[in-house]
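Shown next, in structure tokens, is the structure this report addresses.
Numbering (this note's numbering), first residue to last: 137 to 281.
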């Protein structure tokens, strides 16, 4: 519609951050890139067909802002996707949502990345677990040779 701008995540709040929909829990949400772009108010939606799979000010009180993908004249600001981080979620969300199993609407488990800061302040990132592939989901469901 003309009144709301929706950005969609590559995943689901229901499966990845269950307290956002079950308890209306608020988490710190920041863009991980695109900080030099202008920001605007958005609604953030998940990929499931569930009407509760979203994160916005209506549900979580505070306004939700992310960098613009397009200028006011619908010209691309950047072709790079926006990466979003949710912070202070704790291990509780992970234990609720699980990892590697079959999730709501068959959405795969996301990539898990660990960030470490060295004593000199430099950051390193390590992929703890890659995004779940369709083959592993089919194997769990019994569709393997």
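C-beta: ideal position from N, C-alpha, C; glycine also.
This one's a predicted model, so the numbers in the text were calculated from it and none came from an experiment.
Please classify residue i: does DSSP put it in a helix, a strand, or coil?
i           : result
residue 267 : coil
residue 171 : coil
residue 177 : strand
residue 260 : strand
residue 246 : coil
residue 251 : strand
residue 202 : strand
I'd like the span of the beta strand (DSSP E) that includes residue i, first residue to last.
i           : result
residue 163 : Unbroken run through residue 163: none, as it is neither H nor E.
residue 287 : In the structure as shown, the chain begins at 137 and stops at 281. Residue 287 is therefore absent and cannot be evaluated.
residue 220 : 220-223
residue 143 : 142-144
I believe residue i touches residue j by the beta-carbon criterion, under 8 Å. Please report the beta-carbon distance rounded to the nearest angstrom.
i           : j           : result
residue 225 : residue 153 : 6 Å
Which residue's Cα is closest to the Cα of residue i: the options?
i           : options               : result
residue 177 : 149, 185, 193 and 183 : 193
residue 199 : 268, 273, 162 and 249 : 162
residue 150 : 142, 159 and 143      : 159
residue 155 : 268, 203, 250 and 188 : 188
residue 220 : 185, 209 and 201      : 201
residue 223 : 182, 251, 164 and 265 : 164
residue 296 : 278, 146, 139 and 245 : Any property of residue 296 remains undetermined from this structure, which presents the chain solely from 137 to 281.
residue 247 : 270, 260, 265 and 139 : 265
residue 270 : 206, 262 and 280      : 280
residue 174 : 263, 206 and 278      : 206
Check for me: the alpha helix (DSSP H) holding residue i runs from which residue to which?
i           : result
residue 154 : 154-158
>> Check whether the stretch 164-183 and the stretch 210-220 touch, using three or more Cβ-Cβ pairs below 8 Å as the test.
In response: yes
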